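Here is the structure we will look at.
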Amino acid sequence: MRILLILAHPDISSFNYSIAQAIRQALTKKGHDVIFHDLYSEAFDPILPAYEIPRDVPLDPVIARHCSELAQAEGIVVVHPNWWGQPPAILTGWIDRIIRPGVAYRFIKNDNGEGVPEGLLKARAALVINTSNTREERENLVFGDPLERIWRDCVFGLCGVTEFHRRILRIVVTSTVEQRQSWIQEMSNLAVDIFSNLQDHGGQDL
């Protein structure tokens, strides 16, 4: 399977980086074609310019490549920390510029944009992994876990990805080396299981 793996963390010595690299290696070892983007290391420009908003305009070659890779991906993995209940700004900008009409979704004929869009993504499953220093009880009671709604409903659900998985690893700041190593192995195994199962079932929904 062709799997798009997106990492959004500014520090290459971070736990997020280690997770993404382990998943990349595990999926590649299983024969998957992994397209990996470390948005910070690549200095991805998250600013959406006004001229890029219309659907059919010519795109910058970097943006066009990202859009093509997203459209062709059969699976998607996103790794990022929970910052203020949101993805890091560089990843939000990636969504702004890459989750485009005509690439990830479209409106039906004679719909001027006020209706419910139709998802276009080929990917049948997405996995989002977040790191957090907020306890689950406080996250749910005080904040309501906005990242769940953002990724499950506002991004992947809207764009037609029917199978959604998400894991939150916490509390990272006080975790031991052994705990982090265990999490890395667990996330690698999870990614392999999700996409290998899809592959075994011919890409059909499970």
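With this note's numbering, the residue at position 5 of the sequence shown is 77, and numbering never jumps.
Just so it is clear, CB atoms sit at the ideal spot from N, CA and C, and this is done for glycine as well.
Just so we're clear, the structure is a prediction, and the values are computed from it rather than from any experiment.
- In the structure shown, the three-state DSSP call for aspartate 105 is strand.
- In the DSSP assignment, glutamine 158 forms a beta bridge with Trp155.
- Annotation for phenylalanine 116: no alpha helix (DSSP H) segment contains it, and DSSP assigns it neither H nor E.
- Cβ neighbours of histidine 138 within its own chain (closer than 7 Å, five residues either side excluded): Ile170.
- Within the model, the alpha-carbon separation for aspartate 110 versus lysine 181 is close to 37 Å.
- Of all alpha-carbon atoms in Ile119, Leu163, Arg178, Gly157, the one lying nearest the alpha-carbon of leucine 219 is that of Gly157.
- Going by C-alpha positions, valine 233 is about 21 Å away from serine 260.
- Residue environment for arginine 210: exposed (fewer than 16 other C-beta atoms within 10 angstroms of its C-beta).
- Bounds of the alpha helix (DSSP H) holding histidine 138 are 133-144.
- By the criterion of a C-beta distance shorter than 7 Å, tryptophan 255 is surrounded in its chain by Leu241, once the five residues flanking it on both sides are discounted.
- For arginine 239, the enclosing beta strand (DSSP E) has its first and last residue at 235-241.
- DSSP, read as helix, strand or coil, puts aspartate 110 in strand.
- Rounded to whole angstroms, the gap between the alpha carbons of leucine 99 and isoleucine 119 is 31 Å.
- Taken through DSSP and simplified to helix, strand or coil, asparagine 184 comes out as coil.
- Asparagine 202 is positioned such that its CB atom lies closer than 9 Å to that of histidine 152.
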